[in-house]
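Chemist:
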Amino acid sequence: MLTKLIYKFMPELTAIEARTYKIIKKGTGNVLYQGRYTLNKENLLWLPGLCLLSAKIAKDTNVKVVQLAGVLHLLSIASHLHWTLPEKTDLIEMKHQIQYPILIGDLLYSKVYADICQHGLQQYLTPLTSLIGSIQEELVLKDMKEQNNLPKLPHEIKIFAMMSESACFLGAHSVAGNNFITEKLREIGFHLGQLKAVAERGADISCYLSSWDACWKLLECLSDDKDREQFQHILQNLGSKLGLGRPPLLECIV
Amino acid sequence: MQLKDMFNDIEPDLHKVDSFLINCLEKTSDRLQKGYIHLLKAGGKRIRPAFTLLAARYGSEDIEKVIPMASAFELVHMASLVHDDVIDHSELRRGEPTIRTVFGNNFSLHLGNYLFAKALQIIDEYNNTSLNNLLACASMEMCRGELEQIAAAYNYKQSLRQYFYRIKRKTSLLITLSCQAGAIAAKAEPGVVRILGRYGHNIGMAFQITDDVLDYIADEKTLGKPVGSDIQQGIVTLPLIYVLNYGEEHVRRRLLDILEKKSFTREDIAQMTKLIETTEAIPFSLGIANKYVEKALKQLELLPENNTTCTLRQIAKFIYHRQY
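Note that the protein sequences, when read in sequence, are chains A and B. If you count the first sequence from 1, position 91 lands on 112 in the numbering used here, and the numbers rise without skipping. If you count the second sequence from 1, position 135 lands on 143 in the numbering used here, and the numbers rise without skipping.
1) Is glutamine 10/B buried or exposed, if buried means 16 or more other CB atoms sit within 10 Å of its CB?
2) Confirm the yes/no value for this check: CB of phenylalanine 30/A, any heavy atom of the ligand FAD, distance under 6 Å.
3) For alanine 278/B, count neighbouring Cβ atoms within 10 angstroms of its own Cβ and tell me buried if that reaches 16, exposed if not.
4) Indicate whether at least one CB of chain B lies closer than 7 Å to the CB of arginine 57/A.
5) Could you pull out every residue in the same chain whose Cβ sits closer than 7 Å to the Cβ of serine 100/A, ignoring the five residues on either side in sequence?
6) Round the Cβ separation of valine 221/B and aspartate 227/B to the nearest angstrom and send it over; I've been treating them as touching at under 8 Å.
7) Leaving out five residues on either side along the sequence, give the residues of the same chain with a beta carbon under 7 Å from the beta carbon of glycine 223/A.
8) In terms of residues, what are the limits of the alpha helix (DSSP H) holding tyrosine 42/A?
9) Under 7 Å Cβ-Cβ, which residues of chain A neighbour methionine 77/B?
10) Given leucine 106/A, which residues of its chain have a CB within under 8 Å of its CB, disregarding the five upstream and five downstream residues?
11) With 8 Å as the C-beta to C-beta threshold (strictly closer), list the residues of the stretch 177-194 of chain B near chain A in chain order.
12) May I have the straight-line CA-CA distance separating glutamine 240/B from arginine 169/B, to the nearest angstrom?
13) So with Cβ pairs under 7 Å, would you call methionine 183/A a contact of chain B?
14) Quick one, which residues of the stretch 91-104 of chain B are near chain A if we go by CB-CB under 8 Å, in chain order?
15) Should the stretch 141-157 of chain B be regarded as contacting the stretch 49-60 of chain B, the criterion being three or more beta carbon pairs within less than 8 Å?
16) Excluding the 5 residues flanking threonine 49/A on each side, which residues of the same chain have their C-beta closer than 8 Å to its C-beta?
17) Please report whether the beta-carbon of alanine 193/A lies at a distance below 7 Å from any beta-carbon of chain B.
18) Return yes when the Cβ of phenylalanine 181/A is within less than 7 Å of the Cβ of glycine 214/A, no when it is not.
19) Given that a residue counts as buried once 16 or more other Cβ atoms are within 10 Å of its Cβ, and exposed if not, what is glycine 56/A?
20) What is the residue span of the alpha helix (DSSP H) that lysine 205/A lies within?
21) Considering only their Cβ atoms, is the gap separating methionine 86/B from leucine 142/B smaller than 7 Å?
22) Label lysine 126/B either buried or exposed according to how many other C-beta atoms from any shown protein chain fall within 10 Å of its C-beta, with 16 as the threshold for buried.
23) Just tell me which of Arg274/B, Ile249/B, Ile266/B has its CA closest to the CA of serine 237/B.
24) Can you tell me whether DSSP reads proline 268/A as helix, strand or coil?
25) Cysteine 138/A touches chain B at which residues, Cβ-Cβ below 8 Å?
26) Closer than 8 Å by beta-carbon distance: list the chain A residues that pair up with arginine 330/B, in chain order.
27) Starting from threonine 218/B and walking both ways along the alpha helix (DSSP H), at which residues does that stretch end?
28) In this structure, what does DSSP give as the bridge partners for glutamate 1/B?
29) Whose Cβ in chain B lies nearer than 9 Å to the Cβ of tyrosine 134/A?
30) Determine the contact status of alanine 144/B and tyrosine 145/A, defining contact as a CB-CB distance below 7 Å.
31) Tell me whether histidine 103/A sits in a helix, a strand or coil according to DSSP, three-state version.
32) Kindly indicate which residue of Asp13/B, Ile192/B, Ser293/B, His209/B has the alpha-carbon position closest to the one of tyrosine 224/B.
33) Rounded to the nearest angstrom, what separates phenylalanine 28/B and methionine 280/B at their Cα positions?
34) Arginine 249/A: which of Lys205/A, Asp225/A, Val92/A sits nearest, CA to CA?
35) Counting only the same chain and skipping the five closest in sequence on each side, list residues whose C-beta sits under 7 Å from that of lysine 77/A.
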C-alpha cells in the first residue's frame, strides 16, 4: 500500500529512517538490532509519508517539512514501543520486554521534543504534545476495556485516526498555513487513519463506511494531479483489503 | 529538622504548586485522574519545585508567574518516577504501593507519558526558546542515564567515572534545570542563572550519592522501600564500586561470591550490607557527597546574602545529613 508513496519520497524517507536509527543506535547501542523488537519499517513510514504528501499537495515540500516528517517518524516508533507491555514477566526477560521498550520509547519522545526545539518548530509543540497526551488517554481506555472484556478496537482506531490527522495537518500547515486545503487534508488524514486501522485490525468496516465515503469526497477538493493520485492509490489499496469499491457517485463523476 | 521546615519561606507558593498539580489533569479521563491522585497522595519532598521557586526569588518577576514552571518540573519528576517503578519492578515508594502495583505496568507507562507531555505544554506557554532547549537536552540525557544504568546492571567492573556520569544524568540534571529555570523565568541576571545551575548540579550529585548510601544503611521504615533495592536490581552504586575497586581482597572476594548469584535473598542483602559497612565505603561515599555540598556552598558565596541564599545553604547542609 505504501510502496508508491515511499517511492515518491524515497530520498526524504531514506534520510529520515537513517537518522532515526542512528539516534536509536547512539542512544542504546545495538539493543534494537538484537531482533527482539518487531518494527514494521514500512508501517512506521506512514506518518512521515502522509506529512510529506500533504505538504506537496498544499504547496511543496521543504526542509521544515522533512524535519517535521522526521519528528513524526520518531513519534511512530515511540508509540509503537509504548503500545503495550507485559503485565507479568520474569526477571530474565525484564530487560527486553519492559526496560528497553520503556527507556528507548522515552528517549525517542525526548528526541521529538529536542528536534522540535532544535529545528525551530516550537509552534507545533503544543499540538504534538496534545496528540501524545490524547494517545495515552486512549491507550489507558483501551487497556481498561480489554481487562473488562469489552471492545478495545475503537480506541486503537481512534489513535491511528488522530495520528494520521495530525501528520496531514502538520505537513500542510507547515507550508501553507491555515487554509481550506490544509483543513481538507486534515480531514483526509483522519479518515484514512481510521480506515487503515480498520483494515489492519480486522474491525467491522460497517461502522466506518462514512469514512470511506468522506475520503473519496474530500479527495475531490484537491487538484487532480499525481499527488492526489497517491491518496487515491492508498484508498484503493485499503478498499481491496476492506472489500469496498469506489463510491458509485464518484465513479460517474470521474 | 526536616527538609519541609526549610521551605517555610516558600510554603504558600508550594501550596499553590500543589493546587496547580491537582488541577492539572482535571480535564482528562476518570481512570487517568484516579492514578494521578494516587500518585499525588503518595506525597513527595517537592524538592524540584522548591528549587525553582527559590531560584525565582533572584529575579524580578512575580513569583505567581513561576508557579506553573515549578509544577511542570514536579510533573517531569513524577513521570520519571512512575516509569522507574515499572523498570525497577518496585512495589513500594514512600511506603505506599506504586502506581504499577495498583494499576499495572501499562497504565504506569501511559500515565508517565501523559505527565511528561503535560509538563511540556506548561513550559511551552512561557514561549522561551532557551528554556525549551535546556529541558529538551536534559530529558534526553536523563533517558541516556537510565539506559546506561540498565546496560550496566550486574556489571561489577564499573569505575567511579561511569558512576558519576550516570548519576549526573539520572538525578543532577533535573535539579540543575529546576534551579536555572526558576531564575530564567523570573528574568534573573545570566550570571545568577549560571551560579544557581552549578549549585543545582552539585546538590543533585550530593543528593544521589547520599540516596545510594541510604540504600545500604537506612532502615526500611525510614526509607519507604526495602533496603538494598539497588543491588537487588543489579544497580551498582558508589559504596559497592568503592569496595570492589579499593576494598580489601578478602572482602571483595566474599562480596563477589554473593554477587555472582544475581538474585539475592534478604540474608544476602544483609550480608553484603554488613561487609560494605566493615570497609571505608560509606565514609568514602559520604566524603564525596560532602565535597559536592562544599562546592554548592561555594557557589552560594557568589550570590547576594539574603533569606533565600540562607535557605539554599540550609538545604545543602541538610542533604548531606539526611536520613531519608
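Beta carbons are placed, not taken as given, at the ideal position from N, Cα and C, and that holds for glycine. All values reported here derive from a predicted model rather than from experimental measurement.
Modeler: Based on what the coordinates show:
1) Translated into the one-based positions of the second sequence, residue 10/B becomes position 2. Exposed, since its Cβ has fewer than 16 Cβ neighbours within 10 Å.
2) What this structure holds is no ligand at all, so the ligand FAD is not there to describe.
3) Against the second sequence, residue 278/B aligns to sequence position 270. Burial call: exposed.
4) For the purposes of this step, residue 57/A is taken as residue 36 along the first sequence, with counting starting at 1. Low confidence applies to arginine 57/A: its pLDDT is 49, below 50, so where it sits in the model is not reliable, and the reading given next is rough at best. By this cut-off, arginine 57/A is not an interface position.
5) As a position in the first sequence, residue 100/A is number 79, starting the count at 1. Hits under 7 Å: Ile156.
6) Indexing the second sequence from 1 puts residue 221/B at position 213. Indexing the second sequence from 1 puts residue 227/B at position 219. Incorrect: roughly 13 Å between the Cβ atoms, too far for contact.
7) By 1-based counting over the first sequence, the position of residue 223/A is 202. None.
8) For this step, residue 42/A is matched to residue 21 along the first sequence. From DSSP, the alpha helix (DSSP H) with tyrosine 42/A extends over 31-49.
9) For this step, residue 77/B is matched to residue 69 along the second sequence. Under the 7 Å cutoff, chain A gives no residues; its nearest Cβ is about 15 Å from methionine 77/B.
10) As a working note, residue 106/A is residue 85 in the first sequence. So the list reads Gln118, Ile119, Pro122, Ile123, once near-sequence residues are dropped.
11) none
12) For the purposes of this step, residue 240/B is taken as residue 232 along the second sequence, with counting starting at 1. For the purposes of this step, residue 169/B is taken as residue 161 along the second sequence, with counting starting at 1. Rounded to the nearest angstrom, the two C-alpha atoms are 22 Å apart.
13) Taking the first sequence and counting its residues from 1, the one referred to as residue 183/A is at position 162. Taking Cβ atoms only, chain B never reaches closer than 7 Å to methionine 183/A, which makes this a no.
14) Against chain A - using a Cβ distance shorter than 8 Å - the residues of the stretch 91-104 of chain B are His91, Val94, Ile95, His97.
15) no
16) Here residue 49/A refers to the residue found at position 28 when the first sequence is read from its first residue. Taken in chain order, the residues that qualify are Tyr121, Leu124, Ile125, Leu128.
17) Stepping through the first sequence from its first residue, residue 193/A is reached at position 172. Not flagged as an interface residue toward chain B: alanine 193/A, since no C-beta distance is shorter than 7 Å.
18) Reading the first sequence from its first residue, position 193 is the one you call residue 214/A. Reading the first sequence from its first residue, position 160 is the one you call residue 181/A. Yes.
19) Sequence index remark: in the first sequence, residue 56/A carries index 35 (1-based). Residue placement at glycine 56/A is poorly supported in this model, since its pLDDT is 45, which falls under 50; the coordinates still yield a value, given next. It counts as exposed.
20) Residue mapping note: residue 205/A aligns to position 184 of the first sequence, counting from 1. Note, lysine 205/A: alpha helix (DSSP H), 201-222.
21) The count along the second sequence starts at 1 and reaches residue 142/B at position 134. The count along the second sequence starts at 1 and reaches residue 86/B at position 78. No, these two residues do not count as a Cβ contact at 7 Å.
22) In the second sequence, the residue the question calls residue 126/B occupies position 118. It counts as buried.
23) Position 229 of the second sequence, counting from 1, holds the residue named residue 237/B. Checking every option, the nearest Cα to that of serine 237/B belongs to Arg274/B.
24) Reading the first sequence from its first residue, position 247 is the one you call residue 268/A. The answer is coil: DSSP assigns proline 268/A none of H, G, I, E or B.
25) Sequence index remark: in the first sequence, residue 138/A carries index 117 (1-based). The answer, in chain order, is Thr137, Asn140, Asn141, Ala144.
26) Walking along the second sequence from the start, residue 330/B turns up at place 322. Near arginine 330/B there are no residues of chain A at all, since even the closest Cβ is about 28 Å away, more than 8 Å.
27) The sequence position of residue 218/B within the second sequence is 210, counting from 1. Taken as a continuous stretch (DSSP letters only), the alpha helix (DSSP H) holding threonine 218/B covers 198-225.
28) Past the boundaries of the shown model lies residue 1/B; chain B is included only from 9 to 332, so the question cannot be answered.
29) For the purposes of this step, residue 134/A is identified with residue 113 of the first sequence, where counting begins at 1. For the C-beta of tyrosine 134/A, the chain B residues within less than 9 Å are, from N- to C-terminus, Phe124, Leu128, Asn140, Leu143, Ala144, Ser147, Met148.
30) The sequence position of residue 144/B within the second sequence is 136, counting from 1. The sequence position of residue 145/A within the first sequence is 124, counting from 1. Against a cut-off of 7 Å, the Cβ pair of tyrosine 145/A and alanine 144/B comes out as no contact.
31) In the first sequence, residue 103/A corresponds to position 82, counting from 1. In the structure shown, histidine 103/A sits in coil (DSSP, three-state: anything other than H, G, I, E or B).
32) On the second sequence, position 216 is the one that residue 224/B refers to. Of Asp13/B, Ile192/B, Ser293/B, His209/B, the residue nearest in Cα terms is Ser293/B.
33) To locate residue 28/B, count along the second sequence from 1; it is residue 20. To locate residue 280/B, count along the second sequence from 1; it is residue 272. Those two C-alpha atoms are separated by around 44 Å.
34) In the first sequence, counting from the first residue as 1, residue 249/A sits at position 228. Considering only alpha carbons, the answer is Lys205/A.
35) Here the question's residue 77/A lines up with position 56 in the first sequence. Correct list, in chain order: Asp248.
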